[in-house]
Amino acid sequence: QAFLGCSSLVAITLPNRLTSIGDRAFCGCSSLAAITLPENLTSMGVSAFYGCSSLAAIALPSKLASISSQAFLGCSSLVAITLPNRLTSIGDRAFCGCSSLAAITLPENLTSMGVSAFYGCSSLAAIALPSKLASISSQAFLGCS
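Under this note's numbering, the first residue of the sequence shown is numbered 30, with each subsequent residue one higher.
As structure tokens, this is what we get:
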């Protein structure tokens, strides 16, 4: 909850030595438009960027293997996200309500997708499912037109 509710925070660059972002670290940072994540980041807590409604793009570092539940829930301005090749799982409601997300490239190593992972991504028009994907949970794409 390091920056929980810091609604005036617009941009942040995190130090490269940082390996973990805790639960709800940037939750409710509604003005956050730009963030640079460190290449050494290996874990991201639940609801890490929940409600960051001004965040338009983010690149996840190569060492990140999973996206926690609700990590980007309600990031309604998110248009572009770069997922690392190492990524194997996307948690429940990870991108729920990301209504501006039009396309996403899922990495080939992705094996599981949680409940309502892309629920309400009403702009999502294109997605390619990787061959290693073994589990897509219920309502993963509900509300995607």
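Note that CB positions come from ideal geometry on N, CA and C, so glycine has one too.
Query	Result
Below 8 Å on the Cβ atoms is my guess for R122 versus Y148; work out the distance and round it to an integer in Å.	6 Å
How far does the beta strand (DSSP E) with A109 in it reach, from first residue to last?	A109 to T111
Thinking C-beta only, is A169 closer than 8 Å to A132?	no
Look at the alpha carbon of S59 and the alpha carbon of A163, and state the distance between them as a whole number of angstroms.	35 Å
The beta strand (DSSP E) with T134 in it runs from where to where?	A132 to T134
Which residue's Cα is closest to the Cα of D52: Q30, T71, P44 and P67?	Q30
In terms of residues, what are the limits of the beta strand (DSSP E) holding A157?	A155 to A157
For a quick check, are the C-beta atoms of T111 and K92 less than 8 Å apart?	no
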